[in-house]
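**Student:** First to last, the sequence lines map onto chains A and B. Using our numbering, the first residue of the first sequence is number 3, and each one after it goes up by one. Using our numbering, the first residue of the second sequence is number 3, and each one after it goes up by one. By construction, the Cβ of each residue, glycine as well, lies at the ideal position given by its N, Cα and C atoms. If you scroll down you'll find the structure; I have some questions about it.
Number of protein chains: 2
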Amino acid sequence: MDIEDLAQRVSAGERRALARAITLVESGRADHRAQAADLLAALPQDKQALRIGLSGTPGVGKSTFIESFGMMLIRKGLRVAVLAVDPSSSRSGGSILGDKTRMDLLSREKNAFIRPSPSQTHLGGVARRTREAVRLCEAAGFDVVLIETVGVGQSETVVAEMSDLFLLLLAPAGGDELQGVKRGIMEMADIILINKADGDLKPAATRTCADYAGALRLLRKRPQDPEGYPCAMTVSALEESGLETAWEAMEKLTAWRREHDFWDRTRATQARYWFTEDVKQRLLARLQEPEAKAALEALSDEVAAGEADPSVAAQAFVDRLGG
Amino acid sequence: MDIEDLAQRVSAGERRALARAITLVESGRADHRAQAADLLAALPQDKQALRIGLSGTPGVGKSTFIESFGMMLIRKGLRVAVLAVDPSSSRSGGSILGDKTRMDLLSREKNAFIRPSPSQTHLGGVARRTREAVRLCEAAGFDVVLIETVGVGQSETVVAEMSDLFLLLLAPAGGDELQGVKRGIMEMADIILINKADGDLKPAATRTCADYAGALRLLRKRPQDPEGYPCAMTVSALEESGLETAWEAMEKLTAWRREHDFWDRTRATQARYWFTEDVKQRLLARLQEPEAKAALEALSDEVAAGEADPSVAAQAFVDRLGG
Chain A
3 MDIEDLAQRV SAGERRALAR AITLVESGRA DHRAQAADLL AALPQDKQAL RIGLSGTPGV
63 GKSTFIESFG MMLIRKGLRV AVLAVDPSSS RSGGSILGDK TRMDLLSREK NAFIRPSPSQ
123 THLGGVARRT REAVRLCEAA GFDVVLIETV GVGQSETVVA EMSDLFLLLL APAGGDELQG
183 VKRGIMEMAD IILINKADGD LKPAATRTCA DYAGALRLLR KRPQDPEGYP CAMTVSALEE
243 SGLETAWEAM EKLTAWRREH DFWDRTRATQ ARYWFTEDVK QRLLARLQEP EAKAALEALS
303 DEVAAGEADP SVAAQAFVDR LGG
Chain B
3 MDIEDLAQRV SAGERRALAR AITLVESGRA DHRAQAADLL AALPQDKQAL RIGLSGTPGV
63 GKSTFIESFG MMLIRKGLRV AVLAVDPSSS RSGGSILGDK TRMDLLSREK NAFIRPSPSQ
123 THLGGVARRT REAVRLCEAA GFDVVLIETV GVGQSETVVA EMSDLFLLLL APAGGDELQG
183 VKRGIMEMAD IILINKADGD LKPAATRTCA DYAGALRLLR KRPQDPEGYP CAMTVSALEE
243 SGLETAWEAM EKLTAWRREH DFWDRTRATQ ARYWFTEDVK QRLLARLQEP EAKAALEALS
303 DEVAAGEADP SVAAQAFVDR LGG
């Protein structure tokens, strides 16, 4: 594979080259990993997209929202990429993006690019691959990269760690319940969007929005937020209402953060975080190499048979691994 | 430190030597780690205690239960050690065992040994240290090792992975609610104990017990369980009632598992698990060594400044680490 050529074609915004490049970074093969590193190193570092993380449990209308919101951005002349982080997708096949037909219009737009979650059960692996895919989309000149997650396990944290903005999409709740949204997730959100503010559900959506706005006011003020953020608002992905207002809120927040130096600082912190995570992953990946794996299994048998203490055997193994 | 001598004194059941040995395995210092490995290797491998994991949130009467249950075992002529896994203890100081005075009688018994959780925020570290402390207690001839946890984060899983039996201690619930016990934790439990079956709370305890018994019957049958297990029963740690019945249930289950080869098989599986975990921890610990740490920080600065891609820098770092 000609990596230089691929890097150039990705940078020129060719969608097929982008798809191929993502397939490369998703591969676990050692030679592919080396090629992927070369590819990433060959890409220009100067293009930045707005990375928007989007979390919402199944049933809140996430794919409809992405479709409507994405089409609105396309109409504004922006290029939109959609990626997914779903560590469960290999087991359940449950990723929304596994089914592109649910984003019928967007998937046919030449200025849109939709990519399902890499199928892998290990969140760390999905995270690294998705982050590299984000970089590829940026190099390919996309203006907005939407990173969606269904919020299984720690996946919201993973997505928030690679996003400039984090959106939480919710459905109208009955009564004044706060849908059991974990406090930690609330604290990650920059904007909470109550979807389905249409038809019969509109009053419930308005009430739910007020509840969340109240809850957000109780959270400690974060340095990266201007007055009035984080905020809650209603949208209807179905009727395509509220989307402009939501986009304005995102643009305003982004502009403020750029101006007050939080944009660069957050990206730098995130880059450090991913670098450290990546080092750990690669270090642990050594245990999967054939020789190490065989030695590990042999020692594991001794430990299971009670012939060696786990700690003592572990020390011996790591010493032997050298380095 | 004379490790041979320490190993002998631990094996002779000297409590002060045991305390000193646990302090050694809890230390993070490299020279102490090496000595700890020597110590563990020098211990006899043939003594086994009954390892009982005990989980329960604050307020269910865990320390009172340990006191009453432990004293009952002592009266039976058994030697009882109590250890804790509490990854939050260094932050909150919240470990029950941090306050030995709450187990007033037990802490004064010469056949009892109580040790609070090693103070560390990292669950992996706490887990390894606790598992090594269990081994030391076994070598010191304790018959029962109780490993308690308040169930923060993944700590129940950690404790279950080092236990022969796993107990879940609960308080009586109002109405027919199941106290929001996570399904995963229910599935780990061998015996659910509803505490505080005394005074005004007795009817509620009986009802809660029936609710859990019903819920347990809905779970899939596990191969390691004889007929009638997992089970739920009421106890009163305060009035010391139900404890004999609970102990009989534990003995019966243990005997069945020994007879049907599940005891050895579970221990072998656990030993494999801990060996693998320990290898990973030790591998990652290399990143904390001065030279690696300095190199990591320098590269991290480059990554944060946008001069290098996180993946590319990570690959370069791991290559340089060698091995």
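Establish whether the CB of Thr278/A and some CB of chain B are separated by less than 8 Å.
**Tutor:** In the first sequence, the residue the question calls residue 278/A occupies position 276. It does; some Cβ of chain B falls within 8 Å.
**Student:** Please confirm if Phe319/A has its CB atom under 8 Å from at least one CB of chain B.
**Tutor:** Stepping through the first sequence from its first residue, residue 319/A is reached at position 317. Closer than 8 Å to some Cβ of chain B, the Cβ of Phe319/A qualifies, so yes.
**Student:** Please report the straight-line C-alpha distance between Leu301/A and Ala297/B, rounded to a whole angstrom.
**Tutor:** Stepping through the first sequence from its first residue, residue 301/A is reached at position 299. Stepping through the second sequence from its first residue, residue 297/B is reached at position 295. Distance from the CA of Leu301/A to the CA of Ala297/B, rounded to the nearest whole angstrom, comes to 32 Å.
**Student:** Flag Glu134/B as yes if its beta-carbon sits less than 8 Å from any beta-carbon of chain A, otherwise no.
**Tutor:** Within the second sequence, numbered from 1, the residue matching residue 134/B stands at position 132. It does; some Cβ of chain A falls within 8 Å.
**Student:** What does a CB cutoff of less than 8 Å around Arg322/A pick up in its chain, not counting 5 residues either side in sequence?
**Tutor:** Taking the first residue of the first sequence as position 1, residue 322/A is located at position 320. Only Ala297 meet the Cβ criterion.
**Student:** So, helix, strand or coil for Gly336/A, using DSSP?
**Tutor:** Outside the modelled stretch of chain A, which goes from 3 to 325, sits residue 336/A, for which no answer is possible.
**Student:** Look up Met164/A in the DSSP assignment and say whether it is helix, strand or coil.
**Tutor:** As a first step, residue 164/A is located in the first sequence; it is residue number 162 there, counting from the start. Reduced to three states, the DSSP call for Met164/A is coil.
**Student:** Compare the C-alpha of Gln156/B against each of Ile196/B, Cys211/B, Asp88/B, Thr268/B and name the closest.
**Tutor:** Against the second sequence, residue 156/B aligns to sequence position 154. Measuring from the Cα of Gln156/B, the nearest candidate turns out to be Asp88/B.
**Student:** Using the beta-carbon count (16 or more within 10 Å), is Glu158/B buried or exposed?
**Tutor:** The sequence position of residue 158/B within the second sequence is 156, counting from 1. With 16 or more Cβ atoms within 10 Å of its Cβ, Glu158/B is classed as buried.
**Student:** When the Cα of Met326/A is compared with those of Gln226/A, Met252/A, Leu221/A, which residue comes out closest?
**Tutor:** Nothing can be reported for residue 326/A: it is not among the residues displayed for chain A, which extend from 3 to 325.
**Student:** Using 8 Å as the threshold, is the stretch 243-251 of chain A in touch with the stretch 216-228 of chain A, meaning 3 or more CB pairs across them?
**Tutor:** no
**Student:** Using a Cβ-Cβ cut-off of 8 Å, state whether Pro312/A counts as contacting chain B.
**Tutor:** As a first step, residue 312/A is located in the first sequence; it is residue number 310 there, counting from the start. Chain B contact via Cβ: present.
**Student:** Answer with buried or exposed for Ala207/A, where buried requires no fewer than 16 other C-beta atoms within 10 angstroms of its C-beta.
**Tutor:** Indexing the first sequence from 1 puts residue 207/A at position 205. That one is buried.
**Student:** I'd like to know if Arg117/A contacts chain B, where contact means its C-beta is closer than 8 Å to some C-beta of that chain.
**Tutor:** Along the first sequence, read from residue 1 onward, the residue named residue 117/A stands at position 115. False, the Cβ-Cβ gap to chain B never drops below 8 Å.
**Student:** What is the DSSP secondary structure of Arg53/A, reduced to helix, strand or coil?
**Tutor:** Residue numbering aside, residue 53/A sits at position 51 when the first sequence is read from its first letter. Judged by DSSP in its simplified three-state form, Arg53/A adopts strand.
**Student:** Please list the terminal residues of the continuous alpha helix (DSSP H) segment that includes Met252/A.
**Tutor:** Numbered from 1 along the first sequence, position 250 holds the residue referred to as residue 252/A. Unbroken alpha helix (DSSP H) run through Met252/A: 245-261.
**Student:** Suppose you measure from the CA of Ser238/B to the CA of Ser65/B; what does that come to, to the nearest Å?
**Tutor:** In the second sequence, counting from the first residue as 1, residue 238/B sits at position 236. In the second sequence, counting from the first residue as 1, residue 65/B sits at position 63. Spanning the two alpha carbons is a distance of roughly 12 Å.
**Student:** In terms of residue numbering, what span does the alpha helix (DSSP H) encompassing Ala2/A cover?
**Tutor:** In the structure as shown, chain A starts at 3 and stops at 325, and residue 2/A therefore has no counterpart that could be examined.
**Student:** In the DSSP assignment, find the alpha helix (DSSP H) that holds Thr59/B and state where it starts and stops.
**Tutor:** Walking along the second sequence from the start, residue 59/B turns up at place 57. Segment: none, Thr59/B is in no alpha helix (DSSP H) and carries neither H nor E.
**Student:** Run through chain A and tell me which residues come within less than 8 Å of Leu42/B, C-beta to C-beta.
**Tutor:** Locating residue 42/B in the second sequence gives position 40, where the first residue counts as 1. The answer, in chain order, is Asp311, Ser313, Val314.
**Student:** For the beta strand (DSSP E) that Val84/B lies in, which residues bound it at each end?
**Tutor:** Residue mapping note: residue 84/B aligns to position 82 of the second sequence, counting from 1. From DSSP, the beta strand (DSSP E) with Val84/B extends over 82-87.
**Student:** In chain order, what residues of the stretch 288-306 of chain A put their CB closer than 8 Å to some CB of chain B?
**Tutor:** So the list reads Arg288, Leu289, Leu298, Leu301, Ser302, Val305, Ala306, given in the order they occur along the chain.
**Student:** Using a beta-carbon distance below 8 Å, is Gly55/A in contact with chain B?
**Tutor:** As a first step, residue 55/A is located in the first sequence; it is residue number 53 there, counting from the start. Not one chain B Cβ lies under 8 Å of Gly55/A.
**Student:** Using a Cβ-Cβ cut-off of 7 Å (strictly less than) and excluding sequence neighbours within five positions of Arg11/A, which residues of its own chain qualify?
**Tutor:** Residue 11/A sits at position 9 when you count from the first residue of the first sequence. The answer, listed in chain order, is Ala19.
**Student:** Under DSSP, the beta strand (DSSP E) around Phe115/B begins and ends at which residues?
**Tutor:** Taking the second sequence and counting its residues from 1, the one referred to as residue 115/B is at position 113. That run of the beta strand (DSSP E) goes 114-116.
**Student:** So for Gln47/A, helix, strand or coil by DSSP?
**Tutor:** For this step, residue 47/A is matched to residue 45 along the first sequence. Coil.
**Student:** Measure from the C-beta of Gln47/A to each C-beta in chain B and report whether the shortest distance is under 8 Å.
**Tutor:** Reading the first sequence from its first residue, position 45 is the one you call residue 47/A. At least one chain B Cβ lies under 8 Å of Gln47/A.
**Student:** Could you compute how far the alpha carbon of Glu299/A sits from the alpha carbon of Val84/B?
**Tutor:** Taking the first residue of the first sequence as 1, we reach residue 299/A at position 297. Taking the first residue of the second sequence as 1, we reach residue 84/B at position 82. So the alpha carbons of these two residues sit roughly 33 Å apart.
**Student:** Do three or more CB pairs link the stretch 51-59 of chain A to the stretch 138-157 of chain A at distances below 8 Å?
**Tutor:** yes
**Student:** Quick check on DSSP: helix, strand or coil for Glu16/B?
**Tutor:** By one-based count along the second sequence, residue 16/B stands at place 14. Looking at Glu16/B - three-state DSSP - the assignment turns out to be coil, as it is neither helix nor strand.
**Student:** In this structure, what does DSSP give as the bridge partners for Leu195/B?
**Tutor:** On the second sequence, residue 195/B is found 193 positions in, with the first residue counted as 1. Paired residues: Leu171/B, Met235/B.
**Student:** Run through DSSP, which three-state label would Glu6/B get?
**Tutor:** Translated into positions along the second sequence, residue 6/B becomes position 4. Looking at Glu6/B - three-state DSSP - the assignment turns out to be helix.
**Student:** Counting only Cβ pairs nearer than 8 Å, list the residues of chain A close to Val281/B.
**Tutor:** Counting from 1 along the second sequence, the entry for residue 281/B is found at position 279. Within chain A, the residues near Val281/B are Leu289, Leu298, Ala316, Phe319, Val320.
**Student:** Since Gly146/A and Ala257/A are thought to touch, with beta carbons under 8 Å apart, how far apart are those beta carbons, to the nearest angstrom?
**Tutor:** Working through the first sequence from its first residue, we reach residue 146/A at position 144. Working through the first sequence from its first residue, we reach residue 257/A at position 255. Sequence inspection shows Val at residue 146/A; the Gly mentioned does not correspond to that position. With a Cβ gap of about 15 Å, Val146/A and Ala257/A do not count as contacting.
**Student:** Alpha carbon to alpha carbon, what distance is there between Glu293/B and Ser13/B?
**Tutor:** As a first step, residue 13/B is located in the second sequence; it is residue number 11 there, counting from the start. As a first step, residue 293/B is located in the second sequence; it is residue number 291 there, counting from the start. For Ser13/B and Glu293/B, the distance between alpha carbons rounds to 39 Å.
**Student:** Closer than 7 Å, Cβ to any Cβ of chain A: which residues of the stretch 250-273 of chain B, in chain order?
**Tutor:** Ala270, Ala273
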